[in-house]
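Peer 1: Position 2, counted from 1, in the sequence shown is what the UniProt record's numbering calls 2; the numbers after and before it change by one each time, with no gaps.
Yeah, the Cβ is synthetic: ideal placement off N, Cα and C, and Gly gets one too.
This structure is in structure tokens; I'll ask about it shortly.
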Amino acid sequence: MTDERGSTELPGTRDARWDDDRGDVPGWVLITLMTAGLVIILWGVAGPLLQNVFTQAIDRVTSF
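Rendered as structure tokens:
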């Protein structure tokens, strides 16, 4: 008897190949660090520009 994965185990038994829940921890750590780095770089570049746009918008609204 086989299931959709091609396993020949009996129902109710566990297949050791599907029990590995550790995942790819070093990969996720790298992705997290790279994302944090990108956010810091973009914030450093775009932060002053966005602050300028926000200040101009507030000035236009309050000048009416």
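Roughly how many angstroms separate the alpha carbons of Q56 and T35, rounded to a whole number?
Peer 2: Using only the alpha carbons, I get a separation of about 30 Å.
Peer 1: Please work out which residues of its chain come closer than 8 Å, Cβ to Cβ, to S63, disregarding the five sequence neighbours upstream and downstream, and give them in chain order.
Peer 2: Taken in chain order, the list of residues that qualify is empty.
Peer 1: Would you report the Cα separation of D24 and L30, rounded to the nearest angstrom?
Peer 2: The alpha-carbon atoms of D24 and L30 are separated by roughly 10 Å.
Peer 1: Rounded to the nearest angstrom, what separates P26 and V61 at their Cα positions?
Peer 2: Roughly 49 Å between the two C-alpha positions.
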